[in-house]
Each structure stands twice: as C-alpha cells, then as structure tokens.
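Visitor: Residue -3 is where the sequence shown starts when you use this note's numbering, and the numbers rise one by one after that.
In this text, a Cβ means the ideal position worked out from N, Cα and C, and glycines have one as well.
The structure's right below; bear with me while I get my questions together.
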Amino acid sequence: MNAISLVLILSGVMLNACAQLLLKASTNAIGHFDFQLANLLPIGWRFATQPFFVGGMACYVLSLVIWVMGLSRVPVSIAYPMLSIGYVVNAVIAHFWLGESVTLTRAMGIGFILLGVWLVARS
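In structure tokens, the structure reads:
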C-alpha cells in the first residue's frame, strides 16, 4: 500500500469515526426518544437542526467519497479491516469527550483489534 492509498483509507476511517461521535453527541443533546409515527416530524426536525447531527452526516458523506477513492487503490481484504481502527479512535475520544468508560476488558479488546489490524496490514 503506497502513501496516498494509506492516507485515503485512514482519512475515510477517521471521518467515519468522527461521524459516529458527532451522531452520539446529537443523541445526547436531544435525549431519549421512541420510534413512533407521532414522533417522526418533531424528532426528525430536532435532528435536522442539531449541529452535531448535521456535522455527523457531512462526515459520513465525505468519508464515503474518500473511502471509495481508497478502495479503488487497495484490495478490500486489506482496506476493510482498517475500519477497525475506528473502534479504537471512538473508544478513546468517547472516553474523554462523552465521559464513556473504558473498562479493562474493553481496553484488552481494543488491544486485540490493534494487533489484528497490524497483522492484516503486514500481509
């Protein structure tokens, strides 16, 4: 994998991770809601006007474009496992930004993910 391919794949991964974090921040701002027909317009409007949600959707769109560019250069069997890096990024940022806990078991799982990504990248 050359440098441009790696940058494209990692940029797609990071944008996808940012999208997840921003969407979670938007649900934290809006609060719990039930999926009911009566909620469709009021909750839909709250999401559509929530800055974190809009930012998350923008990150998703951009990540898709960049990801497809990366896939055009890298075999999917190499690129797809790189998405696992997003788990690591999300866990760390969610801990510091959203106050989510990272238990020892979760940290060990993240370590295994990193080991797996490293092994796949070396293949």
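Considering H91, what are the terminal residues of the alpha helix (DSSP H) in which it resides?
Guide: Here the alpha helix (DSSP H) through H91 covers I81 to W93.
Visitor: By DSSP, does R69 sit in helix, in strand, or in coil?
Guide: If DSSP states are grouped into helix, strand and coil, R69 belongs with coil.
Visitor: Would you check if the distance between the CB atom of N12 and the CB atom of L94 is smaller than 8 Å?
Guide: Contact: no.
Visitor: Here's the rule: buried if 16 or more other CB atoms are within 10 angstroms of the residue's CB, otherwise exposed. What is Q32?
Guide: The residue in question, Q32, is exposed, as its Cβ has fewer than 16 Cβ neighbours within 10 Å.
Visitor: Measure the C-alpha to C-alpha separation of F48 and A15 and round it to an integer number of angstroms.
Guide: If I take the Cα positions, the gap works out to 9 Å.
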